[in-house]
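**Student:**
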Amino acid sequence: MKTVLSTRGITYAQLADRLSALGHVETETSIAQKVRRGTFQFAFFILCMKAVGVSRVSIDVPTGDSSNAIHL
1 MKTVLSTRGI TYAQLADRLS ALGHVETETS IAQKVRRGTF QFAFFILCMK
51 AVGVSRVSID VPTGDSSNAI HL
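Residue numbers for the sequence shown follow UniProt numbering, beginning at 1 and rising by one.
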């Protein structure tokens with residue numbers, strides 16, 4: 001998520017405003033803590049992507065070969 005926000009020039013405060021406009025109240029601090037810990041739910045990730053204008057998220061699922069594993 002850090003990369004998407006950075007690439008688009010969006011701060012945590014701006015993301016909080018955009019999430020609020022979608023009806024999901026988060027503070028700048030709560031977003032920063034979630035991102036720093038990396039412990040947010042996937043639903044929160046999808047909502048954030050919607051808030052910043054990402055319309056498509058692709059995830060490749062490994063098929064048993066751990067060399068193809070990725071960590072989000």
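Glycine included, each C-beta is placed from N, C-alpha and C at the ideal position.
Just so you know, these numbers come straight off a predicted model, no measurement behind them.
1) Out of curiosity, what's the CA-to-CA distance linking residue 75 and Val52?
2) Could you check if Leu15 is buried or exposed, using at least 16 other CB atoms within 10 Å of its CB as the buried criterion?
3) State the Cα-Cα distance for the pair Pro62 and Phe44, rounded to the nearest angstrom.
4) When you compare only the Cα positions, how much space is there between Met1 and Ile10?
5) Who are the near neighbours of Leu22 in its chain, counting only those whose CB is closer than 8 Å to its CB and skipping five residues on each side?
**Tutor:** Once the coordinates are examined:
1) No statement about residue 75 is possible, as the shown extent of the chain runs from 1 to 72 and does not include it.
2) Start at 1 with the first residue of the sequence shown, and residue 15 comes out as number 15. Looking at its Cβ environment, which holds 16 or more other Cβ atoms inside 10 Å, Leu15 is buried.
3) Numbered from 1 along the sequence shown, position 62 holds the residue referred to as residue 62. Numbered from 1 along the sequence shown, position 44 holds the residue referred to as residue 44. Their Cα atoms are separated by approximately 23 Å.
4) For this step, residue 1 is matched to residue 1 along the sequence shown. For this step, residue 10 is matched to residue 10 along the sequence shown. Rounded to the nearest angstrom, the two C-alpha atoms are 11 Å apart.
5) For the purposes of this step, residue 22 is taken as the residue at position 22 of the sequence shown. For Leu22, where only same-chain residues beyond five positions count, the Cβ hits under 8 Å are Leu47, Lys50, Ala51.
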